[in-house]
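Student: Right, I'll just put the structure down here and ask away after.
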Amino acid sequence: MSIELIIGLGIPIVLIIVGRVIGARIERAHFENIAEREARFRNQPALSTKQLVPPVSIRSTELATGSVVVSVDHFKRFIGGWRMFFGGEVRSYSTLIERGRREAVLRMKESHPDADAYINTRLETSTIASATGNEGMGTIEVLAYGTAVHYDRAP
Numbered sequence: 134m135s136i137e138l139i140i141g142l143g144i145p146i147v148l149i150i151v152g153r154v155i156g157a158r159i160e161r162a163h164f165e166n167i168a169e170r171e172a173r174f175r176n177q178p179a180l181s182t183k184q185l186v187p188p189v190s191i192r193s194t195e196l197a198t199g200s201v202v203v204s205v206d207h208f209k210r211f212i213g214g215w216r217m218f219f220g221g222e223v224r225s226y227s228t229l230i231e232r233g234r235r236e237a238v239l240r241m242k243e244s245h246p247d248a249d250a251y252i253n254t255r256l257e258t259s260t261i262a263s264a265t266g267n268e269g270m271g272t273i274e275v276l277a278y279g280t281a282v283h284y285d286r287a288p
């Protein structure tokens with residue numbers, strides 16, 4: 134085996150391993166950040182229902198929106214490519230979608246943090262760049278929107 138062949142195979146393998154380690158750390162830190170922020174909004178539900186029977190009268194309502202663009206890392210792209218080749222669920226992308234959904238809902242809530250509830254909450258996703266071919270890295274946008282409801286508070 135020549136040194137060129139070893140280097141030629143070794144560099145991509147090292148880059149994939151480094152991508153996996155760094156990508157996993159970034160993803161773990163993002164999930165921890167999401168969990169901390171979700172805890173602040175635990176008593177402010179985001180409901181898909183169109184109507185709400187409030188405990189008190191409603192003072193005001195406003196449109197609340199939040200969006201996020203998330204890109205897949207190189208390791209997940211590599212693993213996803215193999216999975217797409219052989220078929221089956223691409224589990225490496227599941228966490229990408231979950232992070233995107235949770236982050237978009239949090240950003241929607243953060244757009245009106247004083248709301249008592251968020252009704253008629255909807256999520257939409259769109260692909261900005263495909264992970265296949267030479268079109269790009271694989272990026273999705275998740276948009277969360279709903280109605281921020283403010284209850285009437287007694288003085």
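Letter by letter, the sequence shown follows residues 134 to 288 in my numbering.
For glycine and all other residues, C-beta sits at the position ideal for the given N, C-alpha and C.
Since this is a predicted model, take the numbers as computed values, not measurements.
Please check the pair Ala248 and Val282, which I expect to be a contact at CB under 8 Å, by giving their CB distance rounded to whole angstroms.
Tutor: Right, the Cβ-Cβ distance comes to about 6 Å (below 8 Å), so this counts as a contact.
Student: Take the Cβ of Ala250 as the centre, count every other Cβ of all protein chains shown within 10 Å, and call the residue buried at 16 or more, exposed below.
Tutor: It counts as buried.
Student: What is the DSSP secondary structure of Ile147, counted as helix, strand or coil?
Tutor: Here the sequence assigns Val to residue 147, which means Ile is not the residue at that position. In the structure shown, Val147 sits in a helix (DSSP, three-state: H, G or I).
Student: How do the stretch 195 to 214 and the stretch 222 to 229 stand: do at least 3 beta-carbon pairs fall below 8 Å, yes or no?
Tutor: With the cut-off at 8 Å, the stretch 195 to 214 and the stretch 222 to 229 touch.
Student: Runs of 4 residues minimum, wholly inside the stretch 203 to 280: which ones carry the alpha helix (DSSP H) assignment?
Tutor: The qualifying runs are 207 to 219, 224 to 244.
Student: Leu205 and Gly233: beta carbons closer than 8 Å?
Tutor: Per the sequence shown, residue 205 should be read as Val rather than Leu. Contact: no.
Student: Figure out for me which residue from Ser244, Thr272, Arg161 has the closest Cα to the Cα of Gly279.
Tutor: The shortest Cα separation from Gly279 among Ser244, Thr272, Arg161 belongs to Ser244.
Student: Might you give, ordered along the chain, the residues of its own chain that have their beta carbon closer than 8 Å to the beta carbon of Ser296, omitting 5 neighbours on each side?
Tutor: In the structure displayed, the chain extends from 134 to 288; residue 296 sits before or after that span and is not available.
Student: Look at Ile261 and Val202 and say whether their C-beta atoms are less than 8 Å apart.
Tutor: Yes, the Cβ-Cβ distance between Ile261 and Val202 is below 8 Å.
Student: Please classify Glu171 as buried or exposed, where buried requires at least 16 other C-beta atoms within 10 Å of its C-beta.
Tutor: The residue in question, Glu171, is exposed, as its Cβ has fewer than 16 Cβ neighbours within 10 Å.
Student: Looking at Leu185: is its Cβ nearer than 8 Å to the Cβ of Ile230?
Tutor: The answer is no: Cβ separation not under 8 Å.
Student: So, Ala179 versus Thr254, is the Cβ gap smaller than 8 Å?
Tutor: Taking 8 Å as the Cβ cut-off, Ala179 and Thr254 qualify as a contacting pair.
Student: How long is the line joining the alpha carbons of Tyr284 and Ser181, rounded to whole angstroms?
Tutor: Cα-Cα distance, rounded: 18 Å.
Student: So, helix, strand or coil for Arg158, using DSSP?
Tutor: Arg158: helix per DSSP, three-state reduction.
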